[in-house]
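Peer 1: For this note's numbering, count along the first sequence from 1 and bump the result up by 345. Positions of the beta carbon are idealized from the N, C-alpha and C atoms, including for glycine. Computed from a predicted structure; not experimentally measured.
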Amino acid sequence: MKDKKVEYNPNKIEAHWQKVWEKEKTFSPDLKAAKKPFYNLMMFPYPSAEGLHVGNMYAFTGADIYGRYKRMQGNDVFEPIGLDGFGIHSENYALRVGRHPREQAEISEKNFYRQLRATGNAYDWTRTLETYDPDYYRWTQWIFVQMFKKGLAYRKKAQVNWCPSCKTVLADEQVIEGKCERCSSIVEKKDLEQWFFAITKYADRLLLGLDKIDWPEKIKIAQRLWIGKSEGARIEFVIASGAKQSQKETASSPSASRSDTIEVFTTRPDTLFGATFMVLSPEYPIVSSIKDKKVQDYVRAAKKRTERERIEEGKEKTGVFSGLYAINPVNHEKIPVWIAEYVLMAYGTGAIMAVPAHDQRDFEFAKKYGLPIKKVIVEPRFAGVIERHPEGVINVDEGVNGVNEAYEGEGVIINSSEWNGLKVPEEISKVVDWLQDTGIGKREAHYHLRDWLISRQRYWGPPIPMIFCSTCEKNGIGEHEDTPGWYSVTEDQLPVLLPDVEDWKPKGEGTSPLANHPEFHETKCPSCGSKARRETDVSDTFLDSAWYFFRYISTDDKTCIWDPERARKWLPVNMYIGGAEHSVLHLLYVRFITMAFKDWGLISHFEEPFPRFFAHGLLIKERAKMSKSRGNVVVPDEYIAKYGADALRLYLMFLGPFDHGGDFRDTGIEGMYRFVKRVWRLVTQGLSSKDQLSSINNQELERVMNRAIKEVSGDIENLRYNTAIAHIMEYVNALIDFHTKYKILDTKYCKSLLLLLAPFAPHMTEELWQRLAVSGLRIEETNQTKRQLPTAKSIHFEPWPQYDEKYLVEKEATIVIQVNGKRRGEIRIQSSESRIQSLVEGKARKEVEKYVEGKDVKNVIYIPGKIINFVV
RNA sequence: GCUCGGGUGGCGGAAUGGUAGACGCGCUGGCUUCAGAAGCCAGUGUUCGCAAGAAUAUGGGAGUUCGACUCUCCCCCCGAGCACCA
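1. Output the boundary residues of the alpha helix (DSSP H) element that contains T868.
2. Straight-line CA distance for D1082 to Y1148?
3. Quick check: the Cα distance between A990 and A1079, rounded to an integer number of angstroms?
4. Roughly how many angstroms lie between the CA atoms of K720 and A790, to the nearest whole one?
5. If you run the structure through DSSP and keep just helix, strand and coil, what is L1102?
6. On the DSSP bridge list, what partners appear for W683?
7. Can you give the Cα-Cα distance for S602 and K636, rounded to whole angstroms?
8. Starting from F959, follow the alpha helix (DSSP H) in both directions and report where the run begins and ends.
9. Who does T606 pair with in a DSSP beta bridge?
10. For the stretch 558–571 and the stretch 529–544, state whether three or more C-beta atom pairs, one from each stretch, are separated by less than 8 Å.
11. If you run the structure through DSSP and keep just helix, strand and coil, what is T371?
12. Identify every run of the beta strand (DSSP E) within the stretch 796–866, keeping only runs that are complete inside it and at least 3 residues long; order them along the chain.
13. Between which residues of its own chain and S393 is the CB-CB distance below 6 Å, once the five residues before and five after are set aside?
14. With R569 as the anchor, note down where its beta strand (DSSP E) starts and where it stops.
15. Write down every uninterrupted run of the alpha helix (DSSP H) in the stretch 879–965 whose length is 4 residues or greater and which is fully enclosed by it, in chain order.
16. Go ahead and label F1003 buried or exposed: buried means 16 or more other beta carbons lie within 10 angstroms of its beta carbon, across all protein chains shown.
17. In its own chain, which residues sit with a C-beta less than 8 Å from the C-beta of T473, not counting the 5 before and 5 after it?
18. For Q539, list the residues DSSP reports as bridge partners.
19. According to DSSP, simplified to helix, strand and coil, what is I358?
20. So the candidates are R579, V351, I922, L537; which of them puts its Cα closest to the Cα of P674?
21. Is the stretch 998–1018 touching the stretch 953–970 in the sense that three or more CB pairs, one from each, lie closer than 8 Å?
22. Have a look at V757, W1114, G830 and flag the residue whose alpha-carbon is nearest the alpha-carbon of N820.
23. Taking only the alpha-carbon atoms, compute the straight-line gap between F955 and D707 and give it to the nearest angstrom.
24. For the structure I just gave you, are there three or more beta carbon pairs, one from the stretch 472–488 and one from the stretch 501–518, closer than 8 Å?
25. Measuring alpha carbon to alpha carbon, tell me which residue in R801, C814, P810, A877 is nearest K850.
26. Quick one: what's got a C-beta closer than 7 Å to V294's C-beta in the same chain, skipping five residues either side?
27. Taking the straight line between their C-alpha atoms, what separation do you get for K1151 and G1166?
28. Quick one, which of T471, N1214, R1052, L551 has its alpha-carbon nearest H793's?
29. The alpha helix (DSSP H) that contains Q1030, what's its start and end?
30. Use the C-beta contact count for P725: other C-beta atoms within 10 angstroms, 16 or more gives buried, fewer gives exposed.
31. Measuring alpha carbon to alpha carbon, tell me which residue in V665, P981, Y804, I631 is nearest Y643.
32. Can you name, in chain order, every residue of its own chain whose Cβ lies under 7 Å from the Cβ of S1183, other than the five neighbours on each side?
33. Would you mind sorting C528 into buried or exposed? The rule is 16 or more other CB atoms within 10 Å of its CB.
34. For the stretch 617–633 against the stretch 685–698, are there 3 or more C-beta pairs whose distance is under 8 Å?
35. Taking only runs of the alpha helix (DSSP H) that begin and end inside the stretch 361–424, which ones reach a length of at least 4 residues, in chain order?
36. Specify, as a first and last residue, the run of the alpha helix (DSSP H) that Q641 falls within.
So, in structure tokens, the structure goes:
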């Protein structure tokens, strides 16, 4: 080439376009005027000062590509970014580096935003938000106040998860395998009074809503299991009179309203006749009133162990007889009441009816302590036998003695008077109806989901906007009748500012550092005016991130939580992309908060915040998750400096399917950098005018282009970026071959190539697009030192290329010939002829004569245009 | 223990009933160069063979089918989530 070569210089190009896009507000849609709003959102990042690593970049780039594709399809795409920098994650980082969280937040913010800019994502930089900004957390606090006003926020003394290292309580969702979600310390149980959000009131809606949303099945299943609905019945057992314990009424608990009965929850009311004993959890209220020394020793030993120890001690069940008896309400048998660890206070009523014949745990317990086992369900194949025994009593001991497991499968009820012959599980419902009619029990569902423990004994978070007045408490007055002494902070007093204090580190005494600051917590009661105290705990980080996408649409308006008109236009979020690790944390909380907003009338046209969610895979390094402690965190900066963000974006997306993640090894980046340079060279050197082309038959090229458009479009729509890039590469290879052969190339092929590549490599495609617009044909070195603002419309607003089916058909078809399913040859044939089977068969037959010769052709299978198989 | 993903060349992966290994990395040989880089050309699952060619091959085993990486059943291995939930 004689032309002056135009060198590819990614650093220069990328910095230039990033500046231009931000200055021109290229990716800041007019939220009011937009005609085709498309809210493209990536999961909220929390910034640490190590900053953004390639794992984050992997996720964000994948989300950005989708947004850019939607923009080129004519949508007004809104792609905001912000920082979830309030809360325990950020505070723990500040602790580690020994800097005040506020100071650290400033450093992290600057660094994180710088890195995010360098990745070239199409963020709307005019609408960033940070959760630690008082203009933001004012509304987080406002949400808390609304929760309190609607009775969804309440205080309760309960056994809660306590992380001894983070020195705070945690929600159930934040305990992973008995360990702290943040620091992996073993979580302890503590009896503390805390604030909760009543997410369980939404359990059924959270469950039902899953059927209506387009989320990965995996995530939906995880949420279903977490919500964990089990349907059954609550059944009351009366304690047999004659038990001489003095039963003092203990602290009122919903599960033990009366001390002379024991209520149980069971999913198998059909086995009630088989209940031969009962088991109470060691924490069950009446247990403490049993004076027996053996009982109290057992209970004390059990309580001393952590939950984790109890589980780790394995399947070996231990227990002690309480001395009490209860009456089985259906057959009036007197059955013993035991106390055992394997029954958990936290689930159901903390007491169970034990049916050893049909529950493996009860079975093991019964075997160990020699308790009776009564079979009340038989396998379906015995159904006929039961009909011949009107009493429904057959082989009571069959399958029990000498067998070492309970029968938990489906079957038919026996030994249960009028229930005999009912099929289970199909007819359990009839049993429950019967129990309801006779007043023995009532239909009930229980959930694994617990209320969301929202308070944290930490500094770096939004102070919970509540005030406690002991005077009012004494008088039994409060904002609600049932919350004496407690008042929410009035709206005009929000935000309750987090004060700058020196002793911000967690103390571990069950209170927040703010408890040491009277200047913060001393206040006046909003009702009676006497001395009162502010709540000093802060709220959970997950509350900050549970509503951020509402705020993005109105960051310019400080007078309301969001502009309702914009909400109607922009919400719900069209596409949400993030990690699967939040399936039962963030993604559940967000759905709950959104449903609450709907009930409060803040929104009306939706209650699922994310109708479409895509879970990307995890980018790992050397087969392990990137983490500071492993020392395998890869930062994108040096790669961007060396190869440019465009090459790195392409490399990351080419690694494998976006929902699978991948292992980051930098060997492949070189190859991708070469690819980017090849494209650059092709477009800068290879263009000629149309007239020169008239003599060359470029039908094949036309087909390749249309095919590329079709494949790339479909792949991006399904977020299959790796194959999209592969198809772009095939297209590039075809263009280079053509150019090598004829030395010319029609500009339109280069243009379509740039358009297809634009979402992946936004900077270099913009640069080439703009140069093409200026020069029309041949790109030469322009005066780079005096760059002007773009003269043409940004490539990122150009319409996405369309393909035409008619160019996709090949003139010649290759038909593979098989004999008995084995490939034996192939023929090429005019596409028009491929429809005529006899013709194809004849030609194919000749081709594979040596394999068919002298044999009977029993069958010929022909798939037009693809394959022909002779069966001999 | 239960639930959900996976298992394909030296590597990442493609192909969801019709030519297994697209696309890329790596590697081998060649061209170009003073040299390097970059670039270009050819090759690259395994076994036998100088070659033509043949056999064989998608964790293992069985099955359905004219035809199976793809569907069904059993087993092995890896990863993720939940876990004494009554």
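Peer 2: Concretely, from the data shown:
1. Stepping through the first sequence from its first residue, residue 868 is reached at position 523. Careful: T868 lies outside any alpha helix (DSSP H), inside the beta strand (DSSP E) at 867–869.
2. Taking the first residue of the first sequence as position 1, residue 1082 is located at position 737. Taking the first residue of the first sequence as position 1, residue 1148 is located at position 803. Cα to Cα, D1082 sits roughly 22 Å from Y1148.
3. Residue mapping note: residue 990 aligns to position 645 of the first sequence, counting from 1. Residue mapping note: residue 1079 aligns to position 734 of the first sequence, counting from 1. Distance between the alpha carbons of A990 and A1079 is about 25 Å.
4. Your numbering for residue 720 matches position 375 in the first sequence. Your numbering for residue 790 matches position 445 in the first sequence. Near 25 Å, if we compare the C-alpha coordinates of A790 and K720.
5. Position 757 of the first sequence, counting from 1, holds the residue named residue 1102. Reduced to three states, the DSSP call for L1102 is helix.
6. By 1-based counting over the first sequence, the position of residue 683 is 338. Note: W683 sits in a beta bridge opposite V624, F666.
7. What you label residue 602 is simply residue 257 of the first sequence in a count that begins at 1. What you label residue 636 is simply residue 291 of the first sequence in a count that begins at 1. Low confidence applies to S602: its pLDDT is 43, below 50, so where it sits in the model is not reliable, and the reading given next is rough at best. Computed Cα separation, rounded: 21 Å.
8. Indexing the first sequence from 1 puts residue 959 at position 614. F959 -> not in any alpha helix (DSSP H); beta strand (DSSP E) instead, spanning 958–961.
9. Along the first sequence, one-based indexing puts residue 606 at 261. Paired residue(s): V583.
10. no
11. Against the first sequence, residue 371 aligns to sequence position 26. Coil, per DSSP.
12. 811–813, 831–833
13. Taking the first residue of the first sequence as 1, we reach residue 393 at position 48. Within the same chain, S393 has close Cβ partners Y438.
14. Position 224 of the first sequence, counted from the first residue, corresponds to residue 569. It is not in any beta strand (DSSP E) - R569 instead sits in the alpha helix (DSSP H) that spans 562–572.
15. 886–889, 893–896, 909–915, 931–944
16. The residue labelled residue 1003 in the question sits at position 658 within the first sequence. F1003 should be labelled buried.
17. As a first step, residue 473 is located in the first sequence; it is residue number 128 there, counting from the start. Here the set comprises P425, I426, G427, L428, Y458, T900.
18. By 1-based counting over the first sequence, the position of residue 539 is 194. Paired residues: K501.
19. As a position in the first sequence, residue 358 is number 13, starting the count at 1. Helix at I358.
20. Along the first sequence, one-based indexing puts residue 674 at 329. The option with the nearest alpha carbon to P674 is R579.
21. yes
22. Numbered from its first residue, the first sequence carries residue 820 at position 475. Of the listed residues, the one whose Cα sits closest to N820 is G830.
23. Counting from one through the first sequence, the residue named residue 955 turns up at place 610. Counting from one through the first sequence, the residue named residue 707 turns up at place 362. If you take the alpha carbons of F955 and D707, they lie about 43 Å apart.
24. no
25. Stepping through the first sequence from its first residue, residue 850 is reached at position 505. Of R801, C814, P810, A877, the residue nearest in Cα terms is R801.
26. Absent from the model: residue 294. The displayed extent of the chain is 346 to 1217, so no value can be given.
27. Locating residue 1151 in the first sequence gives position 806, where the first residue counts as 1. Locating residue 1166 in the first sequence gives position 821, where the first residue counts as 1. So the alpha carbons of these two residues sit roughly 32 Å apart.
28. Translated into positions along the first sequence, residue 793 becomes position 448. If we check each option's Cα against that of H793, L551 comes out closest.
29. The residue given as residue 1030 occupies position 685 in the first sequence. It spans 1012–1030 - the alpha helix (DSSP H) in which Q1030 sits, taken as one unbroken run.
30. On the first sequence, residue 725 is found 380 positions in, with the first residue counted as 1. By the neighbour-count rule (16 or more Cβ atoms within 10 Å), P725 is not buried but exposed.
31. Numbered from 1 along the first sequence, position 298 holds the residue referred to as residue 643. The shortest Cα separation from Y643 among V665, P981, Y804, I631 belongs to V665.
32. The residue you call residue 1183 lines up with position 838 of the first sequence. So no residue of the chain qualifies.
33. On the first sequence, position 183 is the one that residue 528 refers to. Label assigned to C528: exposed.
34. yes
35. 399–417
36. The residue given as residue 641 occupies position 296 in the first sequence. Per DSSP, Q641 belongs to the alpha helix (DSSP H) from 638–649.
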